[in-house]
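The block underneath contains the structure these notes are about, expressed in structure tokens.
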Amino acid sequence: MGIKTSVAGYLVKKTLLYAQKDPEKNIDKILNFMKMITPVKVYKEQIESAKQNIHNGAYWQLITSVLKNIDTKILTTLGYNFFVNTLLIGVQKNNEAEKKFGVPGLFTILISPTMRCNLRCIGCYAGEYTRKDDLPLEVIDSIITQGKELGTYLYTILGGEPFIREDMFEIYKRHSDCAFQVFTNGTLIDEEMVKKIKEVGNVMPVLSIEGFEKETDERRGKGVFQKLMKTMDLLKQNKIPFGYSVTYTKLNADAVTTEKFLDMLIEKGAFWGWYFLYMPVGREPTTELMATSEQRKKLGEFIRWARENKPIWPMDFWNDAPFVTGCIAGGRRYIHINHKGEVEPCIFLHFSGGNVKDKPLIEILKSPLFTTIRKFQPFNKNLLLPCEIIDEPKVFRYFYKKTHPQETDLDADLLVKDEKLMNNLDKYSKEVTKAMNEVWNKEPAFEKYREHVKKVLEEKKKRLNQEALEKRKRYEEILKRKEEREKVKKI
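Our numbering numbers the first residue of the sequence shown as 17 and each following residue consecutively.
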């Protein structure tokens, strides 16, 4: 670690401790410091934007709540790992990796160390696996070691139920310079687990919830909602930062987009949340539970409203896609590694570019599946339609035919082989395109992103045309050499 980085790390911790004592007076000073040490222009712009909006009631309440209500060790550990390791060291390594290896640096790596789970939720295929299916600790350690070489210091742990694997705390300790976001059903977090989380200081639980008691228990089992409420209380009492995760379906869309739902989570101590659209993947995939086009519009409107009005930060990969220029899967900004070590371009795309037990990450990132996906991103000029599974289903069918990837789960290939599912996805795509085009073309918040994506698509078109031209030249050279050999044979 260089002297500059060491100084930055020291100052980050001191600044956070300083702000924690009197956040109302010191927030602007923190942001000025963060802007100074961040090397990426877009991050500097976002911090400057935050400065201008920071005294808005909701933003102010959220940041002061974070500073006042998070354990000091956890605050400084996560602050260091995010601001110094992820945004300073990580970004530099990302850029170096792209120059050296020709692959983009990953912002996060998703790892499923197990598919075992103590619940049997409706629509989930992850509950029937055995201990022998777990990803060994030495493989997980290797993944993170390789990831850090590429500049990745943020890891998302899921499953299955990750806290079934208590040995994962060895990984959290060993890689104390990383931050771990752990998606969990929340039922295994007790006093003993809380002690372990506080000890490592770099673990952030994200609790799965489907709405209120009715919606949550209908999918996850009777009594789960009340267990979640107790878990949230326990985390809040111990000043452990946590978020929530919602699978957004046709059935719970109304319940999870209400002020009452957010107020409940804020009162319980949640700081952020993730909304994931229900996807027709896994065992016997169906489009019946997918959120409608109008419900997707409603979710985007709700999230934009919530950020302005509530001290919590909800996120949605689809409606927030403009901020990251569309789909970030395929190794553009993240990958998923399942319990067998198979590397998938997306948590929902159960096809592999290779196995980390057999190949290094860099080699897998250069596989035909991953490079083809990255080559065509973004898939749509409307960045509110980022997904190659449900928004542009014909795109993934093309990728599949071109690269012939290995399926990693039963029924995965139905996305490209089942006529009924394919027809339903095509129909859904047309409906959602019409609805989201109205938002994309009229919403003032997306104006600068509309201009940005035009430039990105123009560059992509030039690149693809150049690649096609070079391919044509190579083909013509092969034909020419073949003709010359034929002439020699005749002589």
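The beta-carbon is built from N, C-alpha and C at its ideal position, and this holds for glycine as well. Quick caveat: nothing in here was measured; it's all calculated off a predicted structure.
Asked                                                                                                        : Found
Nearest-angstrom Cβ-Cβ length linking Ser224 and Gly175, presumed shorter than 8 Å                           : Not confirmed; about 11 Å, so no contact.
Bridge-paired residues (DSSP) for Tyr200                                                                     : Sequence inspection shows Thr at residue 200; the Tyr mentioned does not correspond to that position. DSSP lists Leu223 as partners of Thr200.
Distance CB(Glu226)-CB(Thr263) smaller than 8 Å                                                              : yes
Every unbroken alpha helix (DSSP H) inside the segment 75-135 [4 residues or more]                           : 88-95, 107-117
Continuous alpha helix (DSSP H) assignments of at least 4 residues falling wholly in the segment 268-293     : 275-284
Ranges of the alpha helix (DSSP H) found wholly within the segment 409-467, counting only runs of at least 4 : 409-419, 430-433, 435-458
Proximal residues to Ala337 (C-beta, below 6 Å), its chain only, five neighbours per side dropped            : Leu399, Pro402
Through-space distance from His366 to Glu360, alpha-carbon basis                                             : 6 Å
From Lys418, Phe412, Lys443, residue whose alpha carbon lies closest to that of Ala428                       : Phe412
In DSSP terms, what Leu52 is bridged to                                                                      : According to the sequence as given, residue 52 is Met; it is not Leu. For Met52, which the question treats as bridged, DSSP gives no partner whatsoever.
Segment contact flag, the segment 157-165 with the segment 244-255, C-beta cutoff 8 Å, min 3 pairs           : no
Residue environment, Ile494, which counts as buried when at least 16 other CB atoms sit within 10 Å          : exposed
Contact under 8 Å by Cβ, Ile256 with Val210                                                                  : yes
Reference Leu441, options Thr419, Tyr294, Gly167, Trp76, closest by Cα                                       : Tyr294
contact_flag[the segment 479-493, the segment 342-349] where n(CB pairs < 8 Å) is 3 or more                  : no
C-alpha distance - Ala461 paired with Gly342, whole-angstrom precision                                       : 16 Å
Cβ distance (whole Å) where Val198 is taken to contact Gly95 below 8 Å                                       : The Cβ separation is near 18 Å, so there is no contact.
Short CB-CB distance (under 8 Å) between Lys443 and chain C                                                  : Considering every chain present, this structure includes no chain C. It has just one protein chain.
Where Gly316 falls: helix, strand or coil (DSSP)                                                             : helix
Paired residues, beta bridge with Asn371 - DSSP                                                              : Glu358
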